[in-house]
DNA sequence: GTCTATACAGTGATAGAC
DNA sequence: GTCTATCACTGTATAGAC
């Protein structure tokens with residue numbers, strides 16, 4: 021885990037920092053920012069409160085640090101598979117769809133999304149950081165993929181950016197909002213949504229002669 | 021405003037209750053649940069803290085009351101227009117799209133969405149109430165519209181529920197998430213997204229012979 | 001850096017006078 | 001119903017010893 025070492029070195033050097041960030045992450049997600057006390061964070065981390073303050077400048081800075089670390093973690097999940105260019109359009113879109121849905125319906129992703137949306141009003145920079153680390157990154161990947169397919173005459177499309185947003189939006193459908201609100205989502209419905217979105221997209225944009 | 025009168029009568033009878041709910045709504049949205057104190061609510065409402073407690077059983081109950089009232093308010097925005105059946109498929113979907121986007125991108129809707137998502141982990145019932153009052157209501161309306169169109173041989177569709185989710189998801193695209201995260205959304209991009217979603221939907225599902 | 005101990009304002013909630 | 005005054009407790013943040 022070289023990342024841990026780097027982070028620790030950057031900030032001054034021991035595993036306690038990770039303990040504190042882990043504890044803070046758990047409590048911020050479980051209880052929300054406002055209801056989480058620095059006492060509780062210190063207790064869960066197994067350190068004293070003064071140690072918490074030695075590692076970060078107050079509660080807001082700690083919250084920002086937690087969010088940035090989590091964003092960096094989910095980023096890895098958000099890149100679309102690298103082998104899609106070797107596939108035909110339909111199976112490639114299926115792969116992208118599966119990868120995307122796995123990423124955004126993962127419990128950790130949903131928890132982070134809730135936390136960021138919850139506090140984005142009070143921490144304006146947070147929304148942008150999260151967007152660019154997660155959904156914005158996937159969107160950009162899909163846009164690039166669509167541009168390549170357009171260059172190869174596989175699809176007929178003017179605005180790849182808009183089409184990519186439309187595709188990812190159709191994949192989310194109603195179910196992502198349901199999941200973000202804590203409502204149950206059946207795996208069958210998710211698979212059906214993915215298939216319908218891919219089929220519709222192909223029906224609309226694929227160039228007939230294959 | 022008969023609704024105000026009804027609410028007041030139901031709960032025991034004076035404008036103070038509305039003042040308290042208004043103050044609580046503002047502070048919960050601005051500061052979040054955990055960071056909002058009952059003192060602050062009482063001060064903004066212009067009453068004493070004891071009066072707040074006379075009108076509701078504690079902070080959680082007050083939060084639930086605020087959310088339910090706001091959900092009821094946005095519900096009115098969420099019904100799709102009643103005259104869509106007299107229109108052809110394409111203009112009807114455009115109307116539905118415009119109505120839907122106006123509703124979900126309204127600042128009040130976004131603020132409520134943030135507040136509900138933020139606390140849905142701690143108040144499990146909240147997510148369901150909100151969903152059924154707002155996005156679930158629209159979804160059901162669109163499902164019924166699509167079923168009528170299917171009965172009239174205007175569209176070829178197996179699963180109207182899935183298709184409706186897909187349509188609304190494509191309308192949201194990437195922009196609704198951006199807005200929920202507090203990022204700027206250009207009106208042009210929104211209009212483009214709407215047009216693309218409707219065109220794609222028609223291209224996929226409309227029966228050719230009109 | 002880490003801990004124990006503590007300062008002191010602010011928290012949700014209530015009692016009792018009017 | 002409404003207020004003032006107050007409860008017991010927790011909040012963020014810091015001082016000083018090791």
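Chains as they are written, first to last, in the numbering used here: chain R, 21 to 230; chain H, 21 to 230.
Each residue gets a CB set at the ideal place from its N, CA and C atoms; glycine is no exception.
Range of the contiguous alpha helix (DSSP H) that encloses residue i
i	result
residue 222 of chain H	207 to 225
residue 134 of chain H	127 to 139
residue 152 of chain R	144 to 153
Whole-Å CB distance - residue i paired with residue j, under 8 Å assumed
i	j	result
residue 155 of chain R	residue 194 of chain H	7 Å
residue 50 of chain H	residue 149 of chain H	About 21 Å; that fails the 8 Å criterion.
residue 53 of chain H	residue 202 of chain R	At roughly 15 Å, the Cβ-Cβ gap does not stay under 8 Å, so residue 53 of chain H and residue 202 of chain R are not in contact.
residue 166 of chain R	residue 177 of chain R	6 Å
residue 186 of chain H	residue 182 of chain R	Not a contact, Cβ separation roughly 16 Å.
residue 129 of chain H	residue 138 of chain H	Not confirmed; about 15 Å, so no contact.
residue 161 of chain H	residue 100 of chain H	4 Å
residue 125 of chain H	residue 199 of chain H	6 Å
residue 163 of chain H	residue 190 of chain H	The pair is not a contact, with the Cβ atoms about 15 Å apart (cut-off 8 Å).
Residue i in three-state terms, based on DSSP
i	result
residue 175 of chain R	strand
residue 108 of chain R	coil
residue 51 of chain H	helix
residue 56 of chain R	coil
residue 76 of chain H	coil
residue 203 of chain H	coil
residue 189 of chain R	helix
residue 124 of chain H	helix
residue 39 of chain R	helix
residue 71 of chain R	helix
residue 61 of chain R	helix
residue 99 of chain R	coil
residue 118 of chain R	helix
residue 228 of chain R	coil
residue 66 of chain H	coil
Any non-hydrogen atom of the ligand SAM within 8 Å of residue i CB
i	result
residue 141 of chain H	In terms of ligand content, the structure shown is empty, and the ligand SAM therefore cannot be addressed.
### Query
Can you list, in chain order, the residues of the region 99 to 128 of chain R whose Cβ is nearer than 9 Å to any Cβ on chain H?
Among the residues of the region 99 to 128 of chain R, none has a Cβ less than 9 Å away from any Cβ of chain H.
### Task
Select from the region 205 to 219 of chain H all residues with a C-beta closer than 7 Å to any C-beta belonging to chain R, and list them in chain order.
212, 213, 216 and 217
### Task
Using a Cβ-Cβ cut-off of less than 8 Å, give me the residues of the region 158 to 178 of chain R that come near chain H, in sequence order.
159
#### Entry: Positions along the region 182 to 205 of chain R whose CB lies within less than 9 Å of some CB in chain H
182, 183, 184, 185, 186, 187, 188, 189, 190, 191, 192, 193, 194, 195, 196, 197, 198, 200, 201, 202 and 203
### Task
Would you list, in chain order, the members of the region 45 to 75 of chain R that have their beta-carbon closer than 8 Å to a beta-carbon of chain H?
49, 50, 51, 52, 53, 54, 55 and 56
### Residues within the region 145 to 156 of chain H neighbouring chain R, beta-carbon criterion of under 9 Å
Of all residues in the region 145 to 156 of chain H, those with a C-beta nearer than 9 Å to a C-beta of chain R are 146, 147, 148, 150, 151, 155 and 156, reading in chain order.
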